[in-house]
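Input: a single structure, listed below in structure tokens.
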Amino acid sequence: MINCKVQKHSVFELAKRNTQSDLWHSVPEADKEILHSLKKHAARLQDLAIKKSSDAAIKEKYSNAKMEHNKKWQRVMGQGYTNLLRKYERQLLGGAEVVCTTLSSSIRISGEDVFRGKDDVFSFCIVDEATQGNEQETLMPLKLGVSKLILVGDPKQLPAVTQTRDVKNCGYGESLFSRIMANFPSDRNPVRLLNVQYRMNPEISAFPNKHFYGGRLQDSESVSKRTNIFKNLRPYIVFNLDMDSIVNSQEYVSKPETYCIIKLLNVITKYYKHDYSIGIVTPYNNQKAVINMHLEKIDYRPCITVSTVDNFQGQEKDIIIMSCVRENTNNFLSDEQRLNVAMTRAKYALIIIGSSSLFATCAMFGSIKEDACRRKLFVDVFPNTSESQLLKHLLIAK
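Just so it is clear: in the sequence shown, position 211 is 716 by this note's numbering, and no numbers are missing.
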């Protein structure tokens, strides 16, 4: 599904707008009122879907409302509507200088009438997050006849998703980017490091830079000079949450961390009233579901997104709260690529919540603790820690 914020720029939406504008004068008056009502209903749901971007139910309602509006047009205008819609889609694609698409959808573009039989449809193809696509997927846009392929990716972050161990062992999950990087001799290797980061406050980037990038990252001057929209908020802090209740390891859910997150959201949203975005990142879908269930009961003003680490790759938020869930290490949590993604999503503040046993049993989380202790940013909290106490921990002492 296309993100609600950019859906109006999609080929289908642009073509639909042109088609409906052309045909509006032919719509019977009785149907005009119904179509107008359906459009307003979809617009309201779109606003709600943007505000509550992690609410799958609202997104589905919005998608259904858009579909119903389009179906009503098709019922009113018949085949003429569909034919004109396709005509505008072809015109838009044929006249576009830049087309944004997914790897898999590029196959559909190559089959369009306006491109069929042409060898030089696009001069350049830029593949973003290139390390997340397997080699076969990355070859798909080459059907468009591109003469120059630019791959942009980070091998230090998550690779392509592979469903089975056998498939992974056969190398199916390897990206073209990674294979090029590994197999070209150093003097002919086309991979170039982009070593300036423009997202994270330097306090946030310090640990990932040292432990994942070997100290090669540089913080852009713009990051240090930008206006801090969160006055006195610590850019980075690690909470050591004492678990007085047992974490359900089988279901990968931590109620103590969930309650701590709700308190943090209450504190942050009361203290900072302007518009900003908050992301809650967790390794597990079950923890994501539990947090979302609690958020449904509260109407926070900021845009709050709850998702797994894997789904957060490529995104950024003003504030990130990281829920680790587990009390002991496992391969999933100790995966450096996954941890790197989780720790590099925040622009202004990163809050990590973990347990003492996790910091003791997982080497990488042990390094996080050691680093935070050295910087005096490792804080013990408890399930009964009050919101006012949490606020004191979050704010830089004057």
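For each residue, glycine too, the CB sits at the ideal point set by N, CA and C.
### Message
Within a Cβ cutoff of 6 angstroms, which residues of the same chain sit near residue 846, ignoring the five residues on either side of it in sequence?
### Response
Taking the first residue of the sequence shown as position 1, residue 846 is located at position 341. For residue 846, where only same-chain residues beyond five positions count, the Cβ hits under 6 angstroms are 662, 663, 814 and 818.
#### Entry: 4-residue-minimum alpha helix (DSSP H) runs that sit fully inside the segment 571-649, ordered along the chain
584-600, 611-615 and 640-644
### Message
Assuming residue 745 is part of the beta strand (DSSP E), what are its boundary residues?
### Response
As a first step, residue 745 is located in the sequence shown; it is residue number 240 there, counting from the start. Run containing residue 745: 741-746, per the beta strand (DSSP E) assignment.
### Message
Quick check on residue 794: does DSSP put it in helix, strand or coil?
### Response
In the sequence shown, the residue the question calls residue 794 occupies position 289. DSSP places residue 794 in helix when its eight states are reduced to three.
### Query
Are the beta-carbon atoms belonging to residue 629 and residue 651 less than 9 angstroms from one another?
For this step, residue 629 is matched to residue 124 along the sequence shown. For this step, residue 651 is matched to residue 146 along the sequence shown. In this structure, residue 651 lies closer than 9 angstroms to residue 629 by Cβ.
### Query
Can the beta-carbon of residue 786 be found less than 9 angstroms from the beta-carbon of residue 850?
Counting from one through the sequence shown, the residue named residue 786 turns up at place 281. Counting from one through the sequence shown, the residue named residue 850 turns up at place 345. Going by C-beta atoms, residue 786 is nearer than 9 angstroms to residue 850.
### Query
What whole-angstrom Cβ distance do residue 597 and residue 519 have, given they're in contact under 8 angstroms?
As a position in the sequence shown, residue 597 is number 92, starting the count at 1. As a position in the sequence shown, residue 519 is number 14, starting the count at 1. Right, the Cβ-Cβ distance comes to about 6 angstroms (below 8 angstroms), so this counts as a contact.
#### Entry: Separation of residue 647 from residue 680, as counted between CA atoms
Residue 680 sits at position 175 when you count from the first residue of the sequence shown. Residue 647 sits at position 142 when you count from the first residue of the sequence shown. Whole-angstrom Cα-Cα distance: 15 angstroms.
### Buried versus exposed, by CB contacts within 10 Å (16 or more), residue 525
Taking the first residue of the sequence shown as position 1, residue 525 is located at position 20. Label assigned to residue 525: buried.
### Message
Give me the residue from 866, 902 and 884 with the minimum Cα distance to residue 857.
### Response
Taking the sequence shown and counting its residues from 1, the one referred to as residue 857 is at position 352. Ranking 866, 902 and 884 by Cα distance to residue 857 puts 884 first.
### Query
Taking the alpha-carbon positions, what's the residue 902 to residue 876 distance?
Sequence index remark: in the sequence shown, residue 902 carries index 397 (1-based). Sequence index remark: in the sequence shown, residue 876 carries index 371 (1-based). The straight-line gap separating the alpha-carbon atoms of residue 902 and residue 876 is approximately 20 angstroms.
### Message
By alpha-carbon positions, which one of 757, 742 and 517 ends up nearest to residue 790?
### Response
Within the sequence shown, residue 790 is the residue found at index 285, counting from 1. Looking at the Cα atoms, 757 is the closest of the given residues.
### Start-to-end residues for the alpha helix (DSSP H) that takes in residue 760
As a position in the sequence shown, residue 760 is number 255, starting the count at 1. Looking at the DSSP string, the run of the alpha helix (DSSP H) that includes residue 760 is 760-776.
### Message
Any beta carbon from chain B within less than 9 angstroms of residue 738's own beta carbon?
### Response
Although the question refers to chain B, the structure presented lacks it and comprises just one protein chain.
### Query
Exposed or buried, residue 574, counting other C-beta atoms within 10 Å across all chains shown (16 or more means buried)?
Looking up residue 574 in the sequence shown gives position 69. Answer is buried; the Cβ neighbour count reaches 16.
### Query
Whose C-beta lies closer than 7 angstroms to the C-beta of residue 771 among residues of the same chain, with five residues either side of it excluded?
Against the sequence shown, residue 771 aligns to sequence position 266. The residues are 892.
### Task
Assuming residue 774 and residue 799 form a contact by the criterion Cβ under 8 angstroms, report the distance between their Cβ atoms to the nearest whole angstrom.
Against the sequence shown, residue 774 aligns to sequence position 269. Against the sequence shown, residue 799 aligns to sequence position 294. Not a contact, Cβ separation roughly 14 angstroms.
### Query
residue 863 to residue 693, Cα distance in whole Å?
As a working mapping, residue 863 is identified with position 358 in the sequence shown. As a working mapping, residue 693 is identified with position 188 in the sequence shown. Cα to Cα, the separation comes out at about 43 angstroms.
### Between the CA atoms of residue 684 and residue 698 - distance to the nearest angstrom
Walking along the sequence shown from the start, residue 698 turns up at place 193. Walking along the sequence shown from the start, residue 684 turns up at place 179. Near 16 angstroms, if we compare the C-alpha coordinates of residue 684 and residue 698.
### Query
Given that a residue counts as buried once 16 or more other Cβ atoms are within 10 Å of its Cβ, and exposed if not, what is residue 499?
Here the chain has residues from 506 to 903 only, and residue 499 is not among them.
### Query
Comparing alpha-carbon positions, which option in 781, 609 and 637 lies nearest residue 823?
Numbered from its first residue, the sequence shown carries residue 823 at position 318. Checked all of 781, 609 and 637; the closest Cα to residue 823 is 781.
### Query
By DSSP, does residue 732 sit in helix, in strand, or in coil?
If you number the sequence shown from 1, residue 732 lands on position 227. Note: residue 732 maps to coil in three-state DSSP.
### Task
Tell me where the beta strand (DSSP E) around residue 871 begins and ends.
By 1-based counting over the sequence shown, the position of residue 871 is 366. No beta strand (DSSP E) contains residue 871, which is instead part of the alpha helix (DSSP H) from 868-879.
#### Entry: Of the listed residues 602, 677, 649 and 617, nearest to residue 625 (C-alpha basis)
Along the sequence shown, one-based indexing puts residue 625 at 120. Ranking 602, 677, 649 and 617 by Cα distance to residue 625 puts 649 first.
### Message
Can you give me the C-alpha to C-alpha distance between residue 745 and residue 894, rounded to a whole angstrom?
### Response
On the sequence shown, residue 745 is found 240 positions in, with the first residue counted as 1. On the sequence shown, residue 894 is found 389 positions in, with the first residue counted as 1. Answer to the nearest angstrom: the Cα atoms are 14 angstroms apart.
### Message
Looking at the secondary structure, which residues open and close the beta strand (DSSP E) in which residue 787 lies?
### Response
Looking up residue 787 in the sequence shown gives position 282. Counting along the chain, the beta strand (DSSP E) containing residue 787 begins and ends at 782-787.
#### Entry: Three-state secondary structure (DSSP) of residue 852
What you label residue 852 is simply residue 347 of the sequence shown in a count that begins at 1. In this structure, residue 852 counts as strand in the three-state DSSP scheme.
#### Entry: For residue 822, three-class secondary structure by DSSP
For the purposes of this step, residue 822 is identified with residue 317 of the sequence shown, where counting begins at 1. Strand at residue 822.
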